[in-house]
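>
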Amino acid sequence: MKTFKLPVSVLVVIHTPALEVLLIRRADHADFWQSVTGSVDVEDADLRHTAAREVQEETGLAVQPTDLVDWGITNVYEIYPAWRHRYAPGVTRNTEHLFSLCVPQAVPVRLSSREHTDSQWLDWRAAADLCFSPSNAEAILLLPTVGQIRL
């Protein structure tokens, strides 16, 4: 029996105090740059734990769930048609929960080669401009005001 992804995910904007933002390039779409993202594994998964797991899997950065700032913001968006096969039939919308992680400086990351092929640290404005996902770009643009407040 096929296991479908749940339409609940996290987005983690990783940044420095100077608002340099880490972007990673998707392996399945070479022109798609993004922040760390990922779906919850089970319906009752703790979102903060999901976010910490995704940071570890996608960047190699070992963080504790308490290192992440939960913005208390969610986005609901249409799942791109190219990825709908990962979800149960009829599921077309995803709910994304926003988090951030501040690291002391732009640090090297270890990418999961099956998911991402490259990384770069950019000024937050340039990072927002490069993101393929509108919700990711909007989150980065909120970073100076929302992303550094611990909720």
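Residue numbers (the numbering used here): 12 to 162. We put the beta carbon where it would ideally sit given N, CA and C, even for glycine. None of the values given here were measured: they were computed from a predicted structure.
1) Using 10 angstroms around the beta-carbon of GLU65, count the other beta-carbons present and answer buried if the total reaches 16, otherwise exposed.
2) Contact defined as beta carbons within less than 8 Å: I believe LYS16 pairs with TYR98. What is the distance between those atoms, to the nearest angstrom?
3) Between the Cα of ASP129 and those of PRO18, ALA29, LEU34, VAL19, spot the shortest distance and give me the residue it belongs to.
4) Determine, using beta carbons only, whether ASP81 and PHE43 come nearer to each other than 8 Å.
5) Is ARG59 closer than 8 Å to VAL87 when the C-beta atoms are compared?
6) Where THR48 and MET12 are concerned, what is the direct C-alpha to C-alpha distance, given to the nearest angstrom?
7) If you follow the beta strand (DSSP E) that GLN131 is in, where does it begin and where does it stop?
8) Looking at the structure shown, is ARG95 part of a helix, part of a strand, or coil, going by DSSP?
So, to answer that:
1) buried
2) Right, the Cβ-Cβ distance comes to about 5 Å (below 8 Å), so this counts as a contact.
3) Closest by alpha carbon: LEU34.
4) With a cutoff of 8 Å on beta-carbon distance, ASP81 and PHE43 are scored as not near each other.
5) no
6) 25 Å
7) 127-134
8) helix
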